[in-house]
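Chain order of the listed sequences is A and B. Residue -12 is where the first sequence starts when you use this note's numbering, and the numbers rise one by one after that. Residue -12 is where the second sequence starts when you use this note's numbering, and the numbers rise one by one after that. The beta carbon of each residue, even a glycine, is placed where N, CA and C say it ideally should be. To keep things clear, I will list the structure first and then write my remarks on it.
2 protein chains.
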Amino acid sequence: MSENVDSGRAPNIRDVARLAGVSHQTVSRVLNNHPSIRESTKQRVLEVMSELQYRPNRAARALVTSHSRTIGVLASQRSHYGPSSIIQSIEAAAQDAGYFVSTANMTKTDEDSIVTALDHLNALAVEGLVIIAPQVRVLRAISKLDLRVPFVTISSTDDTDEHAVAVDQVAGARLATRHLIERGHRSIYHLAGPQDWIEAEARMLGFLQEMNAQDVPTTAPILGDWSAEFGYYAGRELMRVRDFTAIFSSNDQMALGLIHAIRDAGQDVPQDVSIVGFDDIPEAAHFWPPLTTVRQDFPELGRRCVAHLLGTMGNAPEGFPGRIQPELIVRASTGPPSF
Amino acid sequence: MSENVDSGRAPNIRDVARLAGVSHQTVSRVLNNHPSIRESTKQRVLEVMSELQYRPNRAARALVTSHSRTIGVLASQRSHYGPSSIIQSIEAAAQDAGYFVSTANMTKTDEDSIVTALDHLNALAVEGLVIIAPQVRVLRAISKLDLRVPFVTISSTDDTDEHAVAVDQVAGARLATRHLIERGHRSIYHLAGPQDWIEAEARMLGFLQEMNAQDVPTTAPILGDWSAEFGYYAGRELMRVRDFTAIFSSNDQMALGLIHAIRDAGQDVPQDVSIVGFDDIPEAAHFWPPLTTVRQDFPELGRRCVAHLLGTMGNAPEGFPGRIQPELIVRASTGPPSF
DNA sequence: CGCGCGGATGTGACCGTGCACATGTGGGGA
DNA sequence: TCCCCACATGTGCACGGTCACATCCGCGCG
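Here it is in structure tokens:
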């Protein structure tokens, strides 16, 4: 109806070939800049192409080659700061390498959603896959489905996983916890993320490891949902008991909620309670007080991820990708040493 | 090399047909659930399909039908709260309607990046396009390129734009400004977003309109970059002069930076300065003090957007999509009326 | 009993591109 | 002069679906 296509349908290589007086294969060679094409022929073909506003049909190309120069990203919760930052850096890195990126979001984390999302990417004939799967069960479901393409996961439960590119969450959590212990705190709570999130589990593990290593009695972690809202309500409950001097929150948003609750209870940070977060979201430096937190280098993560994936794809195995070390950013939400 | 495909290649409809003892066309009919297929035949075919783990090849399908059941989203700055929320709700709405979503991100906003991103989507044979183009120049570049597919833009400079689905930014800014004026403020600054962002411009316009309407002398808006960091530095400068009692910030992040700077200067919110933000990010309720701000209904925006687009695509024009009215959320960062 | 009709299924062409192979052409060495 | 080879280009088919059309079969009706 409302199609304003000139000749009823988009031009194809044969149309170009006809007008340029060559065969369709020659046009194809120009497209894939094959070496043995005479310069004059190439120019003529290119001219006709731009004249017709020719655009190669990628469906056809993908059909015949099973190649698409596309990397798929399987993500969930892409509106969170972490995932979206990673996706952004993956896109940048992939673009530099001449690849397209298509993302598929999982609204839920059941196997059906995973399969649907993978189908979506599969249908695009992606050549490689980056799986940003913060939930344990997603990772497990994926390892069951045997993927036909090389893939890389971000974050893993398993240290020996050759597919994993990750930030060392355990080390980050230990940094945060040690910082609190060094400042003299002995009653420290941990506000963790949802139980089935890999990051949440790793941070919890790091917390417990460090507490044990330093012989500080541990408390049971509180399981949250990453939201500031949850941090606030958890903080309200905690302030009723008031048997702690510091809290290590598994992300910055929940830390914000905690601070809110502490102030609502008439106390202050860091005078009465010290708080450490995780992620170093851009806002963390401007919380009141500015938040001590653990920074993850997301851009680096994205870059390594794409590099590792392309390595795997290009039959040039990069070996073990290693882990990125996070960094403790000390700000005012943890006071000066109290001893 | 490392392909662990069972039989060398993925099964196709002919493989399914052979095993089910029918023709490939019958398989195709089952796929598209054509009415005149005997139930027993259908079941047999479906069984073989799941046995072979058959998945239709979308490239092939797109090639022959020129249909892809895919909606493209052209976005920039997708890591920002607004765009990412919108994308998420678009995905949900599209999925409900049986459509896939592919997003293309523009790292820069020059015409080249736009064309590259559009090519990407075009190559996927998208049937419709949602353009989340917060910058004026992007919108302008796009209106020059004549797209071959129906499209919808989010936010526009032009009230009569039939392609636009948008939140009424001007009305939102007026709400915020009026709120400050009603509380007795007469010296109000506006910390705006970057000049070429449509939202920034609209909010600035709303601010100026309301100030004029209420006969309050206006000050020149300060042009920011949306970041908390900028808000902080702008706040530091402003606190040197200290000739105001309220600031309307064009987003919540900059508002956070402002609050930080005000406290650094030894003053407080809302006692000395009232602050209003824009967006109502999930954290805004837990800022200290909780932030008065303007809420945009992103989920609704995404839904309407998809509905309007599908309407356009399905030859069932929906008429003028209208604007979504934002809502003022009053919290503690603006004190009680001072008169 | 023959005819027509509609449901169920099969046959072959086609979408736009890339690949394997064939063909043509010109130049250099024996 | 002839042959061989490298370069430049052309020919036909394959990819995996869908579409238009053909075919087959059983049933109801005149």
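Could you spell out the range, first to last residue, of the beta strand (DSSP E) harbouring A/Ile262?
Taking the first residue of the first sequence as position 1, residue 262 of chain A is located at position 275. From DSSP, the beta strand (DSSP E) with A/Ile262 extends over 261 to 263.
Cβ neighbours of A/Asp284 in the same chain (closer than 8 angstroms, five flanking residues each side left out)
On the first sequence, position 297 is the one that residue 284 of chain A refers to. The answer, listed in chain order, is Val154, Ile311, Pro313, Glu314.
Status (buried if at least 16 other CB within 10 Å, exposed otherwise) for A/Gly115
On the first sequence, position 128 is the one that residue 115 of chain A refers to. A/Gly115 comes out buried.
Please classify B/Phe138: is it buried, with 16 or more other beta-carbons within 10 angstroms of its beta-carbon, or exposed?
Within the second sequence, the letter at position 151 stands for residue 138 of chain B. So B/Phe138 counts as buried.
Buried or exposed for A/Val228, going by 16 or more other Cβ atoms inside 10 Å?
In the first sequence, the residue the question calls residue 228 of chain A occupies position 241. A/Val228 should be labelled exposed.
Quick one: which chain A residues come within Cβ less than 8 angstroms of B/Arg65?
Position 78 of the second sequence, counted from the first residue, corresponds to residue 65 of chain B. Result: Ser71, Ile74, Gln75.
Relative to the alpha-carbon of A/Ala200, which residue among A/Gly69, A/Arg173, A/Phe217 has its alpha-carbon at the smallest distance?
Along the first sequence, one-based indexing puts residue 200 of chain A at 213. When only C-alpha atoms are compared, the closest one is A/Arg173.
Please work out which residues of its chain come closer than 7 angstroms, Cβ to Cβ, to A/Ile129, disregarding the five sequence neighbours upstream and downstream, and give them in chain order.
In the first sequence, the residue the question calls residue 129 of chain A occupies position 142. The answer, listed in chain order, is Ile101, Ile118, Ala120.
Within chain A, the residues that B/His54 reaches when beta carbons sit closer than 9 angstroms:
Along the second sequence, one-based indexing puts residue 54 of chain B at 67. The premise fails here: B/His54 is roughly 10 angstroms from chain A at the closest Cβ pair, so nothing lies under 9 angstroms.
A/Ser37 by DSSP, collapsed to three states: which one?
Reading the first sequence from its first residue, position 50 is the one you call residue 37 of chain A. Three-state result, A/Ser37: helix.
Going by the beta-carbon positions, is the gap between A/Leu126 and A/Leu105 smaller than 9 angstroms?
Here residue 126 of chain A refers to the residue found at position 139 when the first sequence is read from its first residue. Here residue 105 of chain A refers to the residue found at position 118 when the first sequence is read from its first residue. No, the Cβ-Cβ distance between A/Leu126 and A/Leu105 is not below 9 angstroms.
Between A/Ala80 and A/Val293, is the Cβ-Cβ spacing less than 9 angstroms?
To locate residue 80 of chain A, count along the first sequence from 1; it is residue 93. To locate residue 293 of chain A, count along the first sequence from 1; it is residue 306. Yes, they are a contact pair.
Give a yes or no on whether 9 angstroms exceeds the smallest Cβ distance from B/Leu18 to chain A.
On the second sequence, position 31 is the one that residue 18 of chain B refers to. Output row for B/Leu18: interface = no.
Mind pulling the chain B residues with CB within less than 9 angstroms of A/His150?
The residue given as residue 150 of chain A occupies position 163 in the first sequence. Here the premise fails: no neighbours, minimum Cβ distance about 13 angstroms.
Quick check on the DSSP output: the alpha helix (DSSP H) that includes A/Leu296 runs from which residue to which?
Along the first sequence, read from residue 1 onward, the residue named residue 296 of chain A stands at position 309. First-last of the alpha helix (DSSP H) with A/Leu296: 285 to 300.
Of the residues that make up the region 80 to 100 of chain B, which ones have a beta carbon closer than 9 angstroms to any beta carbon in chain A?
Gln82, Phe87, Val88, Ser89, Thr90, Ala91, Asn92, Thr94
Please state the DSSP three-state secondary structure of A/Ile24.
Walking along the first sequence from the start, residue 24 of chain A turns up at place 37. A/Ile24: coil per DSSP, three-state reduction.
Give the DSSP-derived three-state secondary structure of A/Asp266 in the structure shown.
Here residue 266 of chain A refers to the residue found at position 279 of the first sequence. Strand at A/Asp266.
Quick check: the region 153 to 167 of chain A against the region 182 to 191 of chain A, are at least 3 beta-carbon pairs closer than 8 angstroms?
yes
Counting only beta-carbon atoms, is A/Asn109 nearer than 9 angstroms to chain B?
In the first sequence, counting from the first residue as 1, residue 109 of chain A sits at position 122. By this cut-off, A/Asn109 is an interface position.
Identity of the residue in B/Phe274, B/Ile175, B/Met241 nearest B/Ser261 by Cα:
Residue numbering aside, residue 261 of chain B sits at position 274 when the second sequence is read from its first letter. Measuring from the Cα of B/Ser261, the nearest candidate turns out to be B/Ile175.
List, in chain order, every chain B residue whose beta-carbon is nearer than 7 angstroms to that of A/Ile246.
Locating residue 246 of chain A in the first sequence gives position 259, where the first residue counts as 1. What A/Ile246 touches in chain B: Trp275.
Suppose you measure from the CA of B/Ala207 to the CA of B/His247; what does that come to, to the nearest Å?
Taking the first residue of the second sequence as position 1, residue 207 of chain B is located at position 220. Taking the first residue of the second sequence as position 1, residue 247 of chain B is located at position 260. Cα to Cα, B/Ala207 sits roughly 22 angstroms from B/His247.
Using a Cβ cut-off of 8 angstroms, which residues of the region 218 to 240 of chain A contact any Cβ in chain B, in chain order?
Gly218, Tyr219, Gln240
Are B/Leu288 and B/Ser76 touching if we call contact CB-CB under 9 angstroms?
The residue labelled residue 288 of chain B in the question sits at position 301 within the second sequence. The residue labelled residue 76 of chain B in the question sits at position 89 within the second sequence. Closer than 9 angstroms, so yes.
Report the option in A/Arg48, A/Ser15, A/Ala46 whose CA atom is closest to the CA atom of A/Val32.
Position 45 of the first sequence, counting from 1, holds the residue named residue 32 of chain A. It is A/Ser15 whose Cα lies nearest to the Cα of A/Val32.
Excluding five sequence neighbours on each side, which residues of the same chain lie with their C-beta closer than 6 angstroms to the C-beta of A/Arg318?
Along the first sequence, one-based indexing puts residue 318 of chain A at 331. The answer, listed in chain order, is Pro277, Leu278, Thr279.
Which of helix, strand or coil DSSP assigns to B/Asn92
Translated into the one-based positions of the second sequence, residue 92 of chain B becomes position 105. Three-state DSSP puts B/Asn92 in a strand.
Roughly how many angstroms lie between the CA atoms of A/Ser27 and B/Val60, to the nearest whole one?
By 1-based counting over the first sequence, the position of residue 27 of chain A is 40. By 1-based counting over the second sequence, the position of residue 60 of chain B is 73. Cα to Cα, A/Ser27 sits roughly 39 angstroms from B/Val60.
By a C-beta neighbour count over all protein chains shown, 10 Å radius and 16 as the cutoff for buried, is A/Asp266 buried or exposed?
Numbered from its first residue, the first sequence carries residue 266 of chain A at position 279. A/Asp266 should be labelled buried.
I need the straight-line Cα distance from B/Gln30 to B/Gln82, nearest angstrom please.
For the purposes of this step, residue 30 of chain B is taken as the residue at position 43 of the second sequence. For the purposes of this step, residue 82 of chain B is taken as the residue at position 95 of the second sequence. About 26 angstroms.
C-beta neighbour in chain B for A/Asp106, strict 9 angstroms:
Your numbering for residue 106 of chain A matches position 119 in the first sequence. Closer than 9 angstroms to some Cβ of chain B, the Cβ of A/Asp106 qualifies, so yes.
Would you please state the rounded distance, in angstroms, between the beta carbons of A/Tyr41 and A/Pro(-2)? I believe it to be under 8 angstroms.
The residue given as residue 41 of chain A occupies position 54 in the first sequence. The residue given as residue -2 of chain A occupies position 11 in the first sequence. Sure, about 5 angstroms apart at Cβ, within 8 angstroms.
Apply the 10 Å Cβ neighbour rule to B/Arg48 and answer buried if 16 or more other Cβ atoms are within range, or exposed otherwise.
Within the second sequence, numbered from 1, the residue matching residue 48 of chain B stands at position 61. Buried, by the Cβ-count rule.
For A/His177, count neighbouring Cβ atoms within 10 angstroms of its own Cβ and tell me buried if that reaches 16, exposed if not.
As a position in the first sequence, residue 177 of chain A is number 190, starting the count at 1. Classification of A/His177: buried, given that the 10 Å Cβ count is 16 or more.
Three-state secondary structure assigned by DSSP to B/Gly171
As a working note, residue 171 of chain B is residue 184 in the second sequence. In the structure shown, B/Gly171 sits in coil (DSSP, three-state: anything other than H, G, I, E or B).
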